[in-house]
Every structure is written in structure tokens, then in C-alpha cells.
Amino acid sequence: MQQSNSKTPWLWVPTLYFAEGVPYVLVNTISVMMFAKMGVPNDQLSFFTTLLYFPWFLKGLWSPIVDVVRTKRWWIIAMQILMTALCILLVVSLPHPDAALIDSKQTPVSIFWLTLVLFIITAFASATHDIAADGYYMLAHDSGSQARFVGIRSTFYRIATIFGQGVLVAVAGVVEKRTDNIPLSWQVAIGAGAVTLCLITLYHLFTLPKVEKSEVTTAHSQLSFSKAFLTFFTKPGILLAVLFMLLYRLPEGLLVKLSFPFLVDKPEVMVRDGQIFGGGLGLSTLDVAVIYGGVGVVALLLGGILGGLYISRHGLKRSLWIMAALLTLPNFVYVYMSAALPTNLWLIGTAIGLEQFGYGFGFTAYMMYMMYFADGEYKTSHYAICTAFMALSMMLPGFVAGKIEMAVGYNAFFWIAIACSVTTVAVTYFVRRQVKPDYGKK
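Take a look at the structure:
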């Protein structure tokens with residue numbers, strides 16, 4: 032049963048979802064940028080940072096444990112304490128490769144084995160925190176309050192993205208500029224993230240309302256999960272739905288792991304043992320913080336907001352083509368930049384903003400389709416399974432993206448990503464024929 036409480040959700044909803052976003056950005060964004068600046072080759076960088084995404088793909092497997100062991104409030108606090116401790120360990124254990132090795136772009140990822148282990152444990156803790164936070168959100172206030180705060184939780188999750196990609200990367204950029212010490216700069220940035228998580232944890236100890244979950248037996252939870260899993264894979268159109276969830280974002284799945292390395296890699300191209308190094312824009316860490324963490328994130332948010340409004344006006348079926356186009360066509364800015372290698376930050380910022388706006392707008396259709404397909408009995412569990420396929424859609428191309436780029440160079444790689452838009456067009460064509468005309472339209 033839910034316990035009544037007098038604490039307004041304004042006291043804890045914003046900070047809870049900010050705390051959900053910070054470790055996700057640390058693991059999946061900061062790690063990529065850090066390894067790129069440390070001189071790890073793109074093939075190793077993309078493969079090993081893609082592995083860090085596995086916990087979000089697999090989290091449905093242990094979600095019943097969070098439902099039946101202790102309270103969700105306990106899991107939230109425990110995971111926040113654990114993630115704070117892991118970030119501190121990341122700071123004190125981060126290797127310091129010498130400047131010559133970093134400059135050669137041949138830093139072996141093997142020297143970061145402990146860093147990767149700590150990142151993967153942080154990823155599991157963050158995924159568990161997500162499960163607990165989403166469940167707690169539904170328990171701690173009534174359905175009317177939940178609806179009123181759904182926009183607030185999304186907004187503060189996005190603010191966490193700005194904090195990670197903008198503020199923390201900017202901190203690293205400032206330290207690097209003043210000390211010319213790249214490893215130290217990322218120690219300070221991750222340390223700032225640890226301090227942030229520590230303060231949020233202390234705040235939540237006093238502000239998260241104490242609510243009791245409904246009494247659910249382990250056997251009942253496991254039975255419900257098994258039934259939900261089986262009914263998902265017997266839904267009409269399951270094969271097409273899975274193909275759509277895996278292939279709609281294929282161009283983005285290739286591009287996302289190489290966008291940061293492209294921005295910071297030196298323009299000079301080197302070929303060694305058949306592998307291509309360099310050919311990037313040579314931006315500083317601080318420049319990337321402003322362009323990608325500032326302009327890019329704001330454009331992404333704007334695209335997502337306008338995408339939602341567009342679907343609410345025209346419906347998902349009518350919106351799919353324009354959203355598929357805006358998801359893929361702005362990727363041409365990377366083809367242009369990898370050929371022209373512009374140095375004007377305004378031009379680069381405009382290009383990144385355009386690409387991120389298109390991605391935010393086009394991704395809205397993907398999220399709406401997952402809700403459409405998951406609708407019905409067990410819709411919560413079915414939607415969770417859809418998000419697992421969403422994670423897989425980013426993981427599979429991420430494993431090979433770096434290897435492809437190092438074989439052909441940035442410009443040819445971005446052309447390959449554009450060519451993969453054929454899959455986006457194909458799955459959009461077939462899925463659109465099955466979507467109800469008025470779904471999503473208000």
C-alpha cells in the first residue's frame with residue numbers, strides 16, 4: 032500500500048531525475064570523450080565504450096529483484112551512495128599516459144582496464160537506480176500528480192545531460208587549458224560529478240518520502256514477468272516492430288560513437304599498418320563543451336519538444352516520413368565538415384545544432400512507436416522490452432563503428448552512415464502502413 036506523505040513532489044522529483052541522468056552521461060558520454068582525448072584509437076574506443084551500454088539493455092532481467100527486495104527508496108539511496116563511491120575510485124585510479132603516447136593516438140585501452148571495470152559497475156548501479164526511480168515515482172504520489180510531473184522529470188533528466196556534456200566537459204577543458212594535463216582534467220571533471228552525486232544523496236536522505244510498496248511475492252513477480260515476455264513476442268507484427276526498433280536509427284548508431292573523436296582529432300591524417308588516424312576538426316575540450324554540450328543539447332531538446340507537438344497535431348502515421356528524413360538528412364553536416372574541415376566555431380556550432388535538432392525531432396517518432404506497439408495488457412513490461420531493443424540498436428553498430436572509420440577515414444565513414452539511411456526508409460515504409468491513422472493525434 033502507498034503511504035500518504037505531505038512532501039510536495041517539487042522537493043524530490045527534479046533532483047531524482049537529475050540524479051538518474053548524471054551517471055548515465057558519465058558512463059556513456061564522458062567516457063567516450065575522455066578516451067578520445069587520452070589518445071585511445073577509435074576502434075578500441077567505440078568497442079569498449081559500447082560494452083558499457085549493456086546494463087541498460089539487460090536491466091529488465093533483474094527488475095523483479097528491485098520490486099521484491101527492500102523498498103525502492105532503499106535502492107535509490109543505496110545506488111546513489113555506490114555511484115558516488117565508484118566515481119571517487121575512478122578519480123583516484125585513472126591512469127596518466129604520457130603526453131607523447133596520447134599525441135600518437137596509440138594509447139592502448141588495456142591500461143584503462145580498472146577504469147572500464149569501474150565504469151561497468153557504475154553502469155549496473157545506474158541501470159538499477161533507473162528501475163527503482165521509475166517505480167518509486169509511481170508509488171510516491173497519485174496518478175494525477177504523476178501526470179502533472181511527467182514533463183518535469185523529463186526536463187531535469189535533460190538538464191543532467193546539459194550538466195554532463197556541457198558543465199563537466201567544460202570543467203575538463205578549463206583544467207586542460209590551464210595545466211596542459213589531459214588526465215588531470217578528467218580526474219577533476221569526474222570528481223565534480225562525484226561531489227554532485229554526493230550532495231544529491233545527502234539531500235535525498237531527508238527529502239524522499241518514505242512509501243511502502245505493494246505486497247508482491249517473488250513467485251508472482253517472476254510469473255508476471257515471464258507472461259509479459261511471452262506475450263510480447265506473440266504480438267501481431269512483432270517481426271516488423273523489432274526490425275524497426277533495430278534499424279530506424281542505424282545511421283545514428285554508427286555516427287554517435289565517432290562524433291566526439293571527430294571533433295577533437297587532429298586534422299592531419301596519418302596511416303599506420305593500414306589504419307587511418309586523424310582527419311578531425313582539432314577542437315579543444317572547452318570548444319566541444321560549448322558546441323556539443325551547449326548548442327547541441329539545446330537543439331536536441333528543442334527538436335524533441337517540437338517533434339512531440341508535431342505528432343500531437345498530425346498523428347504518428349502522417350509524421351513518420353518527415354521525422355525519418357529529419358533524423359537522417361542532417362547527418363550530411365558531418366560529410367561536409369569531414370571534407371571541408373572548417374575552423375569557424377560559429378559554422379561548426381550551427382552544423383552540430385542542425386544535426387542534433389534533426390535527431391531530437393526524428394527520435395520522437397521512434398519513442399512514440401514504442402508506446403504504440405507496447406499498448407495493451409502488460410504495456411509497462413512491453414515498453415521496457417522495447418527499450419531493450421532501443422539499447423541494442425545503438426550497441427550493434429557501435430561495436431564496429433570505430434573499426435570501419437579507421438579503415439576508410441572520417442569522410443568515407445560518414446558517407447557509409449548516410450548510405451545506411453536506406454534501412455531507415457525501408458522500415459519506415461512498412462511500419463507506416465500498420466500504424467493507426469489517428470494514433471498520437473489530439
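Counting from 32, one number per residue, gives the positions in the sequence shown under my numbering. Here a beta-carbon is modelled for each residue, glycine too, at the ideal position from N, C-alpha and C. None of these values were measured; they are calculated from a predicted model.
- For I307, the pairing in a beta bridge is given by DSSP as V302.
- The alpha-carbon of A171 is positioned some 29 angstroms away from that of Y397.
- Less than 9 angstroms separates the beta-carbon of Q218 from that of V122.
- Where N442 is concerned, the enclosing alpha helix (DSSP H) starts and stops at Y441 to A450.
- Residue K68 holds the alpha-carbon nearest to the alpha-carbon of L215 among A355, K68, P282 and G325.
- The distance from the Cβ of T227 to that of V58 is about 15 angstroms, inconsistent with a contact at the 8 angstroms cut-off.
- A check of alpha carbon separations from L271 across K472, T455 and V71 identifies T455 as the nearest.
- Pairing F260 with A371, the inter-Cα distance amounts to about 49 angstroms.
- Taken in chain order, the whole alpha helix (DSSP H) runs of length 4 or more contained in the region 314 to 343 are 316 to 321.
- Between the alpha carbons of T359 and D129 lies a gap of roughly 39 angstroms.
- Judged by DSSP secondary structure, E408 falls outside any alpha helix (DSSP H); it is assigned neither H nor E.
- Taking all protein chains shown into account, H160 has 16 or more neighbouring C-beta atoms within 10 Å of its C-beta and is therefore buried.
- Look at the beta carbons and you see the region 44 to 51 touching the region 182 to 197: at least three pairs across the two are nearer than 8 angstroms.
- The continuous alpha helix (DSSP H) containing W106 extends over residues K103 to S124.
- Between the alpha carbons of G284 and S77 lies a gap of roughly 11 angstroms.
- If you check the CB distance, E408 and A191 do not come in under 9 angstroms.
- Here G346 carries a coil assignment [DSSP, helix/strand/coil].
- Excluding residues up to 5 positions away in sequence, S216, W217, A220 and T316 lie with their Cβ nearer than 6 angstroms to the Cβ of A203 in the same chain.
- One thing to note: M301 has its Cβ no nearer than 9 angstroms to the Cβ of M401.
- In the structure shown, P373 adopts coil according to DSSP, grouped into three states.
- Remark: C-beta atoms of G195 and T138 do not approach each other more closely than 9 angstroms.
- Across the set F404, V431 and G429, the C-alpha of F404 shows the shortest separation from the C-alpha of T418.
- Relative to A415, the option among R463, L427, A158 and A382 whose CA is nearest is A158.
- Taking 9 angstroms as the cut-off, the Cβ atoms of K467 and K348 count as close.
- Y55 and V431 have their C-alpha atoms roughly 22 angstroms apart.
- For the set W93, I307, F363 and R101, the Cα lying nearest the Cα of N73 is the one of I307.
- Under a 10 Å Cβ-count criterion, I342 is classified as buried, with 16 or more other Cβ atoms of the shown protein chains found around its own Cβ.
- In the structure shown, the three-state DSSP call for D161 is helix.
- If you draw a straight line from the Cα of I112 to the Cα of T265, it is about 40 angstroms long.
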